[in-house]
Ligand SMILES: [Ca+2]
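Numbering (my numbering), first residue to last: 495 to 813.
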């Protein structure tokens with residue numbers, strides 16, 4: 495009888511597991527998308543690079559358990575240490591070339607673009623983080639609109655280091671201030687014109703002090719997309735999206751002159767969410783920032799960590 499107890503207990507546990515399996519099945523996460531990390535990469539000839547596949551459910555949550563991934567590599571790129579599993583190690587061949595690494599799980603696929611190169615080229619070709627600028631002054635590399643007015647009023651776009659939170663790229667940011675019924679804070683700069691590019695940036699609006707904050711890519715005098723955030727923290731690039739104030743939000747513009755698309759993404763956790771898209775015929779060559787003035791109070795907001803990447807240096811962009 496004593497020997498029977500573990501057996502009976504075991505059966506009860508098994509049946510319970512099967513039963514809960516049935517119950518939870520209806521709600522269980524469904525494998526919806528795959529991602530290879532990294533997605534765009536340069537690898538030196540004969541060197542190695544690790545790639546990982548991650549799977550997400552219908553809610554965008556990570557799925558730990560899924561069917562065996564199957565990897566495929568374009569001919570001539572190099573080889574993998576194995577062609578299944580969630581992690582593979584790619585060894586580049588000895589020829590400069592480019593191509594794709596693909597992974598499949600059930601009927602889903604994800605692709606990474608690999609460039610085999612003799613020298614790694616940094617795709618970051620321009621950036622502004624306001625770190626080497628003088629605090630309290632106008633950002634020296636930008637043209638300030640109505641600078642005489644703002645100089646006298648002590649307002650406008652200024653380099654600052656006293657935000658309650660920072661993003662991890664240094665200490666200083668551009669913080670604008672406007673007086674009630676004052677002039678807008680506006681500044682602009684030219685940037686290298688890239689046919690296939692990405693511009694990342696982060697913005698912050700002070701709680702209860704926000705005003706309309708615009709960051710706009712132009713081709714000469716042509717506005718390419720009207721990106722702005724309301725004083726209360728609503729993104730207004732297409733439909734209204736509530737962001738809030740008192741924290742940093744990171745966005746990117748991404749464009750390709752060949753496909754005539756410019757897309758706006760917002761970073762949420764580690765995922766880039768498409769927020770808007772538009773058709774363009776020219777790449778941006780100018781950036782324009784404006785911070786509005788509220789009629790009743792002083793307003794403030796910040797921008798930092800603006801980075802321009804040439805995506806052609808990374809290989810074909812992954813859609
Ligand atoms: Ca900075």
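Yeah, the Cβ is synthetic: ideal placement off N, Cα and C, and Gly gets one too.
Residue i, enclosing beta strand (DSSP E) - first and last residue
| i | result |
| --- | --- |
| residue 694 | 690-699 |
| residue 762 | 755-762 |
| residue 545 | 542-550 |
| residue 536 | 534-538 |
| residue 798 | 793-804 |
| residue 785 | 780-785 |
| residue 730 | Element bounds for residue 730: n/a, residue is neither H nor E. |
| residue 607 | 602-611 |
| residue 633 | Counting along the chain, residue 633 falls outside any beta strand (DSSP E), and DSSP gives it neither H nor E. |
| residue 828 | Any question about residue 828 goes unanswered here, given that the chain covers just 495 to 813. |
| residue 841 | Residue 841 lies beyond the stretch modelled for the chain, which goes from 495 to 813, so this question has no answer here. |
| residue 625 | Premise fails: residue 625 is in no beta strand (DSSP E) and is neither H nor E. |
| residue 571 | Here residue 571 belongs to no beta strand (DSSP E), and DSSP marks it neither H nor E. |
C-alpha distance - residue i paired with residue j, whole-angstrom precision
| i | j | result |
| --- | --- | --- |
| residue 515 | residue 598 | Here residue 515 scores only 46 on pLDDT, less than 50, and its place in the model should not be relied on; the value that follows carries that caveat. Approximately 26 Å, taken between the alpha carbons. |
| residue 532 | residue 642 | 47 Å |
| residue 721 | residue 730 | 7 Å |
| residue 673 | residue 596 | 54 Å |
| residue 675 | residue 625 | 30 Å |
| residue 780 | residue 805 | 18 Å |
| residue 727 | residue 522 | 35 Å |
| residue 740 | residue 664 | 18 Å |
| residue 725 | residue 656 | 20 Å |
| residue 589 | residue 534 | 18 Å |
| residue 636 | residue 653 | 11 Å |
| residue 561 | residue 575 | 19 Å |
| residue 557 | residue 549 | 5 Å |
| residue 518 | residue 615 | Note that residue 518 scores 48 on pLDDT, short of 50, meaning its location in the model is unreliable; the coordinates nonetheless yield the value given after this. Using only the alpha carbons, I get a separation of about 49 Å. |
| residue 784 | residue 707 | 6 Å |
| residue 539 | residue 600 | 32 Å |
| residue 661 | residue 700 | 14 Å |
| residue 778 | residue 742 | 24 Å |
| residue 753 | residue 759 | 17 Å |
| residue 735 | residue 703 | 19 Å |
| residue 733 | residue 646 | 38 Å |
is_contact[residue i, chain B] using C-beta, thresh 8 Å
| i | result |
| --- | --- |
| residue 726 | Reference to chain B is not applicable here, since this structure consists of a single protein chain. |
Assumed close pair residue i, residue j - CB separation to whole angstroms, cut-off 8 Å
| i | j | result |
| --- | --- | --- |
| residue 648 | residue 638 | Residue 648 to residue 638, Cβ: 13 Å. No contact. |
| residue 563 | residue 573 | Their Cβ separation, rounded to whole angstroms, is 17 Å, which puts residue 563 and residue 573 out of contact at 8 Å. |
| residue 705 | residue 788 | 5 Å |
| residue 537 | residue 586 | 4 Å |
| residue 666 | residue 622 | Actually they are not in contact, since the Cβ atoms of residue 666 and residue 622 sit about 11 Å apart, beyond 8 Å. |
| residue 580 | residue 546 | 6 Å |
| residue 800 | residue 695 | 4 Å |
| residue 551 | residue 591 | No, residue 551 and residue 591 are not in contact; Cβ-Cβ is about 36 Å, not under 8 Å. |
C-beta contact flag for residue i and residue j at 8 Å
| i | j | result |
| --- | --- | --- |
| residue 617 | residue 737 | no |
| residue 791 | residue 746 | no |
| residue 803 | residue 608 | no |
| residue 712 | residue 782 | yes |
| residue 723 | residue 697 | yes |
| residue 757 | residue 748 | yes |
| residue 554 | residue 765 | yes |
| residue 690 | residue 776 | no |
| residue 677 | residue 640 | yes |
| residue 583 | residue 541 | no |
Continuous alpha helix (DSSP H) stretch holding residue i: start and end
| i | result |
| --- | --- |
| residue 647 | 641-647 |
Query raised in the report: Does the stretch 676-696 come close enough to the stretch 626-640 to have 3 or more Cβ pairs within less than 8 Å?
Result: yes
Query - Contact the stretch 791-804 vs the stretch 759-771: 3+ CB pairs below 8 Å - result: no
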